[in-house]
Structures are given as C-alpha cells and as structure tokens.
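Enquirer: Next up is a structure, given as structure tokens.
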Amino acid sequence: MFSSSLLKSVSKPGRYAGGEFGQILKKREDVDANFAFCFPDSYEIGMSNLGLRILYGVLNKDPKIRCERVFAPWTDMEDKMREKGILLCTQESGEEVRSFDFLGFTLQYEMCYTNVLNVLELSGIPLLASERGEEYPIVIGGGPCSYNAEPMADFFDLFNIGEGEEMLPEIVNLRIKMKKKGASKQEFLREAARTIEGVYVPSLYDVSYNEDGTVKAIEPKYPDVPRKVRKRIVKDLDTMFFPEQVVMPYIECVQDRIALEVFRGCIRGCRFCQAGMVCRPVREKSPETLLKQAKCLYDNTGYDEISLTCLSISDYTRLRELTDGLIEWTDGKKVSLSLPSLRIDSFSKELMDKVASVRTSSITFAPEAGTQRLRDVINKNVTEEDLMRSAGIAFETGKDTIKLYFMNGLPTETLEDIEGIGLLAKACVEKYYATPGHGKRPPQITISVSSFVPKPFTPFQWEPQDTVAQLEEKNQYLKEKITDRKIRYTHHDARVSHIEAVLALGDRRLSAALIEARRQGFRYDAWDEFFSYEKWMDVFAKCGIDTAFYANRRKAEDEILPWDTIDCGVTKEFLLREKHKAYGEKTTPSCREACSGCGANCLGGKDICCAKTK
Amino acid sequence: MLCEDKMIEEYPLLPEPKTVRLKFCKTGALQYISHLDLQRNFGRILARADLPLWYTQGFNPHPKLVFALPLAIGCESVCELADIRINRDMPCDEILRRMKKATVRELDFLSCYEANRKFAEITYAGYLVKIQSPMNMLPAEADVEKLLTSSPLIMIRKTKSGEKETDIVPMIKKVRVSKDENGLCLRLLLSAGEGNTLNPELVVSALRQHLAFPGEEAEYSIMREYLTDGSRKEFV
Ligand code: SF4
C-alpha cells in the first residue's frame, strides 16, 4: 500500500488511491487465485480501455478468482518508488503485484513494451520468464500485439491469442486445479498449451534462423504442443459476458463515458489494417441487447455520454434500429450519443442529425490516401465523390472544421499520391464555399498524416516500410505543396513509426534490445516527451540489431515469418491474393457484397456475413 | 435504479424547486481526489441515485450543485456539505437512501435535510491533525502553542490572486495540543469561508519550518471535523 506521505508528494495522487465506485473488493483468503490485470500505461489511459472493463468483470464473476487492477505509475511516482525501494501494488487492495498468482498485461500498442518491462521491474519480478521460479506470478499477455509478440516472448509465460472472455477464466481455473494437485508452473503451461484453444506458450517452441537472418524453422519442443495456435473468438456476442458495472474513475480519463461495443470484426478489408483482418469474422450484437446494456450502464454509472464502439459503425446492419432506439430513450435524459469511426461513403444527413447533440463543430474522415489509384491499392473503397458529398452535408449543417486522416509511405506510393492529399484538402475548401448555407467563418481543413507501418496478418506484411529519410522527405514535400492558410497540416513523427515497425515485425532476437532499453531506463515511449529515436537506435546498434532488416526489407513470399505459429483465421493464401490484387490496383468487395474466402469463417461464430460462405 | 425503487414520476411535482442539503464524509482514498474531480463525479452520483433533479434552464442544462467549503487534497472530512435542488417531493430519507447506494464508503452520505442557513455564514472549520512520531522526537506542547499563537507567523498562502505572504495567526482561532503514544495531536479551529480559508496543511508547514517537526517523511493525517458560524456554533 502506498503511504499517505508518498501519495501527498506526487502529482495526481488520485491515480493510485483506488476507492472508486464499482471496484470489486474480495479477500485473498476467500479465493483460489489472484489475478493482477495491468494496462501498461498511465491510469487515465488504462481506465479508458474497454477490454479491461470486460476482463476485470469476467474474472471477478468467478467466485474462485480475485482480479485487481494495476497501471504504470507516472514518472514522478516511479522515481519516488525507486528511491525508497517501494514495490508496485494493485489498486484495490494495495497488495504487492508480485504476490499475485497471475499478472496479465494487455498489449495495445508496441510502444508500451518498455512500460511492460518497467512494471515487471517495479513489481520486483524478474524480466525473463526463464528466471522466474514458482514463487512469481504467471505472466500473461493479450490484446492486439499478441498476434506477433515475439519480441516480448522471453518475458511472458503465455499469450492469449484472440478474445479473452472465455479463455482467461479457463486458464486461471486450469491453474487452480493443477496447483491443488501439486503441478509445477511448467506442467501447467504445457497443459494449457495442449488443451486451451488460443493459448500460446512461447517457451514451448524452438526458433532457428538462416544465415541471412530470416527464420529457418519454428518447432514445437514436444509432440503434444500444437504446431499452430488458433485464435479464439467469442461466437455469440449477445450471450457473451457483459460488465454491468464500470469502475468509475474520479480523475479525468481519456474515455470517460459509456462505451457500447456494437460488433466485432470488419467487413471491409483495408489492406494495411491489422484489426480488420485479425478481428474477423464479423459478429454483431442485436439492437435489443445493446439497448438493454446501454440502459443498464447508464443506471449503474451515471455517465452522461454513450459512445458506440467498433471498427466501422456505419457497417452495422441494424444501425437505424439502434440509433432510433437510443435516441428515443436518451431524449428525456441528459445523455448524449457519439458515433466515432464513421465511414465517408455512408455519412448521411440523417445520421448527422442524430449525433447533433454532440457539441462539436468538427468532423473526422479517413480517406487514408490522396489518389483513387492508391485508395484502390489499399482497398479503401471510398471515392473523392464520397468525400465531397459527406463534406457537403457537414458544411450544410453548420460545421466548418473537417479533419482528414491519411497515411504516407503506402506500397506503390509516388509523389503524385502525396500531392493528392493536398489536392483533396483543397477540394474540401472549395466545396465549403460551393455549399449553400455554409457557415460564416472560413473553413478549417486539417490534414493529419501518419506513416504506414506494415503489420503482421495483413496483405502488406511482406512490404518494406519507407526509410525514415524517405518518409520525412514526403512530409516535407507535402508541406511545401500546401500554401492555403485554411489547410492545416500535421504529421506523426516518422521516427516513432520506424521503431514501431521494428517491434511489430520483430522476432525473439529483439528481446536483447528490450532488456537493454529497460536497463537504460526507457519507459512511456508512447509519449512524445519520453520517446528518443537516437537512444533507441543506440540500443539496437549496441545489441547488433539492424533495424532495416526488420522494417525496411521486402520479405519473400515463401519466407517463414516470426508469427507463423499463430493462426488468426485469415489464411496466408488470402493475404497473398490480396497483396497481388493491390499491385494490380484491384479492389476487393466487402464481405457483405461477396465473400472473398479469407478463411475466417472456419472460426465459426453466430455471424451474418460468413453464413453465406461455404 | 433497482426495480423495487419507486419511479421518479411517482413523486408529486413541487410548485417551486426545493433545495436540500447533503452531509457527507470524504475519507481514506477519497482524500486524494481534488475538489474539481469531486464536483464532476458528484453529477454522476446524482445520476446513479436517480433523483428528481431540477435542471438549470438554458443552452447547457445541468443540475444545481453547490458545495459549502472546498477541501484540499490530502485532507479528510466528516462534515462536508453540498446543496442540490429537486423538483419533485421526494422525502429526504429516500434521497439519502438513494445517495448511499450510489457511492462508496469513503464518500458516504451521512444525512439529508432541508436547508435554511446560507453557506456564507460559515466562518470557521475545526480540524484534527495527527502527526505520527516517536515520543522522544516530539516538540514540547507549549512550543507548538506559542508558535501558532504569536503574531506574526508569516507563511506563503495560495489565494485566488496568486501566492501571498500572510500572517496566519489571526486565522487560527483556537489551538489545542496534546501527545499520545502515536505522536502529536493538534485540534485547530481555523478561519474558513470565501477567500478567507486557511489550509491546515499550512499549519503543518509552519511547524516544519520553525520547529523542524514533523520530518519530510513523517506520516500525518488531517481531518475536518466540523464547521461553525461566526459565533462558533456548529453550522449544519
Ligand atoms: S469468410 Fe468471407 S465473408 Fe467471412 S470474413 Fe472472410 S471474406 Fe468475409
């Protein structure tokens, strides 16, 4: 437990104090297993995560399990902890994290890896799984990054591949059962890998490398360990566990509202998007379920805003029913509704009116690429017309600010495509003045450009990333093309994207660099103020790691990839087909128009789009 | 709201909105929550409690909510007051029952009643400061008392208009010092109210500056115990 003098000496002590409404308090002596669930970033970021809300509820629903939350302490707290030799504790009970049976991390982005190691260190837990005896927690990883967590493989006992709602309690219960029989951690890990779908135990595989640095083979150490670990999904979202209570943060968090998850998966298949591939197949919740859940959450939280979450809200087949139902219900209440992730082609006046209650004059679209050619390459399937029509509707209804998201460094990109970004923004400005009834102020079009990072399990996983120099040159080129003061141009730091690519595409040999990064005190690398490209490059150089090999190299199609052990449903054949279509500038229809045989239907699921497939 | 609760609409509308006062504590973990964060969360507690709240008219309607006296971070209290306004005749004990269900033990509601006195009458707040320390490290009671009662005792006070050097002795109405096996106990009555509130933390800082006690690492707690009006009668 953090002492009161310590809490009084740090910024925002509310981050560490606990005491929130909705937290679940159990006693150690009343349960068989203690699970510390860590979001490896600040409290304000972590408490905004829907996955944490769900899994915290799922685990605690089981009377045998106690789950408590842990976050990365902010840097001022970390300094004090190190100075005084204080170990990291959980929020609820204030007990030391290392006294728990499990420590689970959700890995949402690669740049949090150094925070994971920092949390282990601050908890007094050895970083390497191989150095942790029976007395230490079993360290579990899950979340999007676990699809290729090879750079982190040496630090974790097991990974959850896919959705954790069912898998996580199974894992904990297996441990409880085996521990009672006196089984060791190793025996448990092997049994979990053998019997629980979605469990990947990295230490049960040997990886060998070719002379050119590529992977030669990934071999299970024992015959009963699965050669491929198949992603786990929840088949029916309507009957899936739903957290009726949210732990209510007192201090302001990034997402401080009700998050209503409408569906999982995506019918689109943008070729750069990992979430769109690994979350397949689409599974929807019914409007009836959603309405019931919204009311329940409203009563139990007192939040005055509901946000519908999913990869692309306009693709929800029963959106109309849902929004009508929600509007009808929220009308008398002081609750507002927000719909993020709108697609340009489905933006309508009607939808716009429904979210008008959101007090904002700005609207966001993501064309991703500047020309139709390149949008076809990435399978974005929206046209300039779509954008102009949507922008027109927004302007008509009084908005004067539009934010446009793009990516640069996409495969086959030329300077013409970069210039196209500026031209699209210019077209928006012209559209503003051409729209009858536009606002009084001049329009403000913001272009935000991030750099393409090739991700595992996408058709672009074989693609090289542009070098930092190339990306920066493209940023500069675009900057010079934009002269209109009504267009604001911002871009992400290409150097962060480079490190992100290395970690996203990396293999187990990167663990040496991560250990070195920890040794040098890296943490909070997802935060601009703490990220240092020079230091990262020094670390890689010191460990003899060529970052270009991971980030900027075109991979052969028959190359064994570090993440080949994982089966996310979507087949390599499909990804290759998509890659070749990209080069041919050919688009692929959405799953609702036609099934493209991606393979994800083999995972099953009470599903609407895959029902049509063989 | 649970199904056994009566619907709000079952309570008759009032001809005029009515102000009710809630007394609550803010202890333990909740002492680290700032006044601003408390205000934001209070709205959510009210919503969870499902009360017949009266909303301000206008572009951005919100429930009426007024706090008696903000509490500094690191300070506990068993005598916080807040006024809300309702537009239906829900009995005070029902409001209290609903509020209690919508919160945690460390931010518990202690009573609810129709208020008649104005917060502006609040003039002093009583605090209990407990400083943990081994017996042999404690300063003499008389020294502490002398320090806190001999003007001038200049400290830097944060006010709305920035930091200001202030003699805090006139703001200390009463001091009582005692010792026990855990350390030093201070009972303070400090001036309170709009623009004139003395943070008890400043009294602890004064001790530290002038008597080298308590040490930087010492554990201490501050509890606001009661509020009074100008004639030092308890304010409720
Ligand atoms: S199997 Fe067909 S319909 Fe289902 S996700 Fe894959 S491509 Fe889409």
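In order, the protein sequences belong to chains A and B.
If you read the first sequence in numbering that gives the first Met the number 0, its first letter stands for residue 0, the second for the next number, and so on.
If you read the second sequence in numbering that gives the first Met the number 0, its first letter stands for residue 0, the second for the next number, and so on.
Note that beta-carbon positions come from the ideal geometry of N, C-alpha and C, so glycine has one too.
Determine the chain A residues that contact Gly-27 (chain B) at a beta-carbon separation under 7 Å, and present them in chain order.
Expert: Result: Gly-18.
Enquirer: Val-615 (chain A): which of A:Leu-58, A:Gly-45, A:Thr-113 and A:Leu-341 sits nearest, CA to CA?
Expert: Residue coverage of chain A in this structure runs from 0 to 613, which leaves residue 615 (chain A) outside it and unanswerable.
Enquirer: Kindly examine the ligand SF4 and report whether one of its heavy atoms sits closer than 8 Å to the Cβ of Pro-280 (chain A).
Expert: Because some heavy atom of the ligand SF4 lies under 8 Å away, the Cβ of Pro-280 (chain A) counts as near it: yes.
Enquirer: Measuring CA to CA, which of B:Ile-94, B:Ala-81, B:Arg-97 and B:Gly-125 is closest to Asp-228 (chain B)?
Expert: Ranking B:Ile-94, B:Ala-81, B:Arg-97 and B:Gly-125 by Cα distance to Asp-228 (chain B) puts B:Gly-125 first.
Enquirer: When you compare the stretch 97–117 of chain A with the stretch 134–153 of chain A, are there three or more beta-carbon pairs, one atom per stretch, that lie closer than 8 Å?
Expert: Yes: at least three Cβ pairs fall under 8 Å.
Enquirer: For Tyr-249 (chain A) and chain B, any beta-carbon pair shorter than 9 Å?
Expert: At least one chain B Cβ lies under 9 Å of Tyr-249 (chain A).
Enquirer: Excluding the 5 residues flanking Met-0 (chain B) on each side, which residues of the same chain have their C-beta closer than 7 Å to its C-beta?
Expert: Bear in mind that the predicted position of Met-0 (chain B) carries a pLDDT of just 46, short of 50, making it unreliable; the figure below should be weighed with that in mind. Once the five neighbours on either side are set aside, the close Cβ partners of Met-0 (chain B) are Asp-49.
Enquirer: Within 9 Å (strictly less), CB to CB, does Glu-9 (chain B) reach chain A?
Expert: Chain A, which has no Cβ nearer than 9 Å to the Cβ of Glu-9 (chain B), makes this no.
Enquirer: Note down, in chain order, each residue of its chain lying with its Cβ closer than 6 Å to the Cβ of Glu-79 (chain B), except the 5 sequence neighbours on either side.
Expert: Here the set comprises Phe-23 and Lys-25.
Enquirer: What would DSSP say about Asp-31 (chain A), mapped onto helix, strand or coil?
Expert: Correct three-state label for Asp-31 (chain A): coil.
Enquirer: Can you say whether Val-65 (chain B) is buried or exposed, counting buried as having 16 or more other CB atoms within 10 angstroms of its CB?
Expert: With fewer than 16 Cβ atoms within 10 Å of its Cβ, Val-65 (chain B) is classed as exposed.
Enquirer: Closer than 9 Å, Cβ to any Cβ of chain B: which residues of the stretch 286–316 of chain A, in chain order?
Expert: Within the stretch 286–316 of chain A, the qualifying residues are Tyr-297, Asp-298, Asn-299, Thr-300, Gly-301, Tyr-302 and Asp-303.
Enquirer: How many whole angstroms separate the CB atoms of Ile-124 (chain A) and Arg-131 (chain A), which I take to be in contact at a CB cut-off of 8 Å?
Expert: That pair is a contact at about 7 Å.
Enquirer: Within the 9 Å Cβ cut-off, does Leu-423 (chain A) reach chain B?
Expert: So no, Leu-423 (chain A) is outside the interface.
Enquirer: Under 9 Å between C-beta atoms, does Tyr-15 (chain A) make it to chain B?
Expert: Yes, its Cβ sits closer than 9 Å to a Cβ of chain B.
Enquirer: Consider the Cβ of Leu-6 (chain A): report whether some Cβ of chain B lies at a distance smaller than 9 Å.
Expert: Interface residue, yes.
Enquirer: Confirm the yes/no value for this check: CB of Ser-207 (chain A), any heavy atom of the ligand SF4, distance under 8 Å.
Expert: Every heavy atom of the ligand SF4 is 8 Å or more from the Cβ of Ser-207 (chain A), so no.
Enquirer: Taking the continuous beta strand (DSSP E) assigned at Asn-117 (chain A), which residues delimit it?
Expert: Per DSSP, Asn-117 (chain A) belongs to no beta strand (DSSP E); it is in the alpha helix (DSSP H), 112–121.
Enquirer: Within the continuous beta strand (DSSP E) that includes Leu-403 (chain A), where are the two ends?
Expert: From DSSP, the beta strand (DSSP E) with Leu-403 (chain A) extends over 400–407.
Enquirer: Output the distance between the C-alpha atoms of Glu-140 (chain B) and Leu-147 (chain B), rounded to the nearest integer angstrom.
Expert: The straight-line gap from Cα to Cα measures roughly 11 Å.
Enquirer: With a threshold of 8 Å (Cβ to nearest heavy atom), would Gly-603 (chain A) be considered close to the ligand SF4?
Expert: Outside the cutoff, so no.
Enquirer: Runs of 4 residues minimum, wholly inside the stretch 469–526 of chain A: which ones carry the alpha helix (DSSP H) assignment?
Expert: Whole alpha helix (DSSP H) segments, 4+ residues: 493–504 and 510–518.
Enquirer: Measure from the alpha carbon of Gly-621 (chain A) to the alpha carbon of each residue in A:Ser-3, A:Gly-21, A:Gly-17 and A:Pro-588, then state which is nearest.
Expert: Because residue 621 (chain A) is not part of the residues shown, which for chain A are 0 to 613, the question remains open.
Enquirer: With a floor of 3 residues, list each beta strand (DSSP E) that falls wholly inside the stretch 42–88 of chain B, ordered by position along the chain.
Expert: The stretch 42–88 of chain B contains these whole beta strand (DSSP E) runs: 64–66 and 75–87.
Enquirer: Just verifying my parser: in three-state terms, what is the DSSP assignment at Gly-13 (chain A)?
Expert: In the structure shown, Gly-13 (chain A) sits in a helix (DSSP, three-state: H, G or I).
Enquirer: Closer than 8 Å to a non-hydrogen atom of the ligand SF4 - does that hold for the CB of Ser-311 (chain A)?
Expert: It does not: the Cβ of Ser-311 (chain A) is nowhere closer than 8 Å to a heavy atom of the ligand SF4.
Enquirer: Please work out which residues of its chain come closer than 6 Å, Cβ to Cβ, to Arg-47 (chain B), disregarding the five sequence neighbours upstream and downstream, and give them in chain order.
Expert: Cβ neighbours of Arg-47 (chain B) beyond the five flanking positions: Ala-101.
Enquirer: Given this structure, state the Cα-to-Cα distance separating Asn-299 (chain A) from Leu-45 (chain B), to the nearest angstrom.
Expert: Roughly 11 Å separates the two Cα atoms.
Enquirer: At least one CB of chain A closer than 9 Å to the CB of Met-0 (chain B): is that the case?
Expert: Bear in mind that a pLDDT of 46 at Met-0 (chain B), under 50, signals an unreliable position, so the model cannot answer this.
Enquirer: Specify whether the stretch 212–228 of chain B and the stretch 117–136 of chain B touch according to this definition: at least 3 beta carbon pairs, one from each stretch, less than 8 Å apart.
Expert: In short, these stretches touch, since the Cβ pair count reaches three.
Enquirer: List the whole-angstrom C-beta distance separating Ala-426 (chain A) from Glu-384 (chain A), where the pair is believed to meet the contact cut-off of C-beta under 8 Å.
Expert: The Cβ separation is near 10 Å, so there is no contact.
Enquirer: Taking only three categories from DSSP, how would you classify Gly-141 (chain A)?
Expert: In this structure, Gly-141 (chain A) counts as strand in the three-state DSSP scheme.
Enquirer: How many Å lie between Leu-502 (chain A) and Phe-548 (chain A) at the Cα?
Expert: If you take the alpha carbons of Leu-502 (chain A) and Phe-548 (chain A), they lie about 12 Å apart.
Enquirer: Please list, in chain order, all residues of the same chain as Asp-524 (chain A) whose beta carbon is under 7 Å from its beta carbon, the five residues on each side excluded.
Expert: Cβ neighbours of Asp-524 (chain A) beyond the five flanking positions: Met-110, Thr-113 and Phe-530.
Enquirer: Check for me: the beta strand (DSSP E) holding Tyr-582 (chain A) runs from which residue to which?
Expert: No beta strand (DSSP E) contains Tyr-582 (chain A), which is instead part of the alpha helix (DSSP H) from 571–582.
Enquirer: Do you know how far the Cα of Asn-86 (chain B) is from the Cα of Glu-15 (chain B)?
Expert: So the two alpha carbons sit approximately 7 Å from each other.
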